[in-house]
Amino acid sequence: MALLLFFFCCFVGFAAATFNVTTLSFDEGYSPLFGDGNLVRSPDGHSVRLLLDVYTGSGFISSSMYSHGFFSAKIKLPSDYTAGIVVAFYTSNGDVFEKSHDELDIEFLGNIEGKPWRFQTNMYGNGSTNRGREERYGLWFDPSKEFHTYSILWTANNIIFYVDEVPIREVVRNDKMGGDYPSKPMSLYATIWDASSWATNGGRHKVNYEYAPFTSEFKDLVLEGCPTGPIQKFPNAAACTETDAWLESRDYAVIPPKSRSAMRRFRQRYMYYSYCYDTVRYPVTPPECVIDPAEKERFQESGRLRFGGSHRKQMRNARRKRRSRPTSNVSGEQNDM
């Protein structure tokens, strides 16, 4: 318990140094996407609620597409029993490039009342839907109790996902990725919808509409980047050069050592699936993956944790297993690490 409290305090300390960003009102940067009756704007226009009921979900979209950018919002998720519900905050160009779309996702996967929330990040490039790059995690807080900040940075060189200004994942572009790295202008989306077929425990738990309506809230909306017209599928690269340079100079575009340590701790304790360690799905490791041998030992061939649960539970089990072995075996294992 003391270790968990210490870890939580570490994250709170990093979150206190917030990024220098400018927020927008809903009308300044966004438009309703679907479920108009279930999209409720605040009187001042600076926050919005998305509802899911038995008839429909709801969502909104940025008014412009962006050639790279930083996209952020404070989000509070539905409470109580929310199995089968997905709340998504993501960038995509699927409406324009139907067969070759790009996408960057933060998706909350619903929960059974009393169980911890789980979420995933994902990346698609050039329509590579059969090569999704999912990572799944737990959280160190209950995201339905209060607002927390979720952010996506996308530049020509890297992609960073943040939770409360703590980086939780970075993808660094390299030439071997080719078109799998998102490169075409994207819009920002926020949605809530019924994903009973897969979202919670592989679809074993469905949406229970006795708890409806389910409400997610968004505020402090941020869109920073180079906007392009929705018809301008291939914008003039030179037009965004200056904005891209500005974007890459921002405090959220580089992970300093302390934040990188926080990212490492998060991934050690809360990541329970990584495509980089899923050798069943990817016999050849995707080129952007940086394989940590010590981390690899904690995962099965399926990319899931070897012992299930959290890394803390996994490490406790591993220590018990080592203590039960003869001393010579322990020494051999240490030499192999």
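Just so we're aligned, residue 1 is where the sequence shown starts under full-length UniProt numbering, counting upward by one. For every residue, glycine included, the Cβ atom is placed at its ideal position computed from N, Cα and C. Computed from a prediction, not measured in an experiment: that's the story for all the values here.
Using three-state DSSP, classify residue i as helix, strand or coil.
| i | result |
| --- | --- |
| K74 | strand |
| F299 | strand |
| F26 | helix |
| residue 363 | Summary: the structure shown does not reach residue 363, with the chain confined to residues 1 through 337, and so no result is reported for it. |
| Y55 | coil |
| D251 | helix |
| S216 | strand |
| A190 | strand |
| G138 | strand |
| S197 | coil |
| Y124 | strand |
| S310 | Because S310 carries a pLDDT of 49, less than 50, the predicted location of this residue cannot be relied on, and the following value inherits that uncertainty. Coil. |
| F266 | helix |
| E113 | coil |
| R204 | coil |
| P32 | strand |
| S62 | strand |
| S92 | strand |
| T18 | coil |
| E146 | coil |
Alpha carbon to alpha carbon, how far is residue i from residue j?
| i | j | result |
| --- | --- | --- |
| L153 | G125 | 15 Å |
| P185 | D95 | 11 Å |
| V222 | L305 | 34 Å |
| M263 | F119 | 16 Å |
| Q300 | A253 | 32 Å |
| H205 | I160 | 31 Å |
| I291 | G45 | 45 Å |
| G138 | W246 | 33 Å |
| F34 | L52 | 11 Å |
| R250 | W198 | 37 Å |
| D80 | D194 | 16 Å |
| F89 | E224 | 15 Å |
| S62 | S31 | 6 Å |
Per DSSP, which one or two residues make a beta bridge with residue i?
| i | result |
| --- | --- |
| V284 | None; V284 has no bridge partner. |
| G69 | W154, G225 |
| F161 | I152, R169 |
| S47 | K219 |
| S274 | E135 |
| L305 | F299 |
| V86 | W193 |
| F97 | Partner(s): none; F97 has no beta bridge. |
| V40 | R49 |
Going by beta carbon distance, what residues of the same chain come within less than 8 Å of residue i, once the five residues before and after it are set aside?
| i | result |
| --- | --- |
| V54 | Y209, A212 |
Please list, in chain order, all residues of the same chain as residue i whose beta carbon is under 6 Å from its beta carbon, the five residues on each side excluded.
| i | result |
| --- | --- |
| V40 | R49 |
| V87 | L77, F108, I192, S216 |
| S64 | P227 |
| I255 | P167 |
| W117 | N111, L139, P143 |
| G127 | K99, S100, H101 |
Beta-carbon within less than 7 Å of residue i's beta-carbon, same chain only, minus the 5 sequence neighbours each way: which residues are those?
| i | result |
| --- | --- |
| T82 | G110, N111, F214 |
| E288 | V171, V172, N174, M177 |
| G203 | S196, S197 |
So, do the region 282-293 and the region 143-157 have three or more beta carbon pairs nearer to each other than 8 Å? no
Looking at C-beta atoms only, is the number of pairs between the region 269-279 and the region 176-185 that lie closer than 8 Å three or more? no
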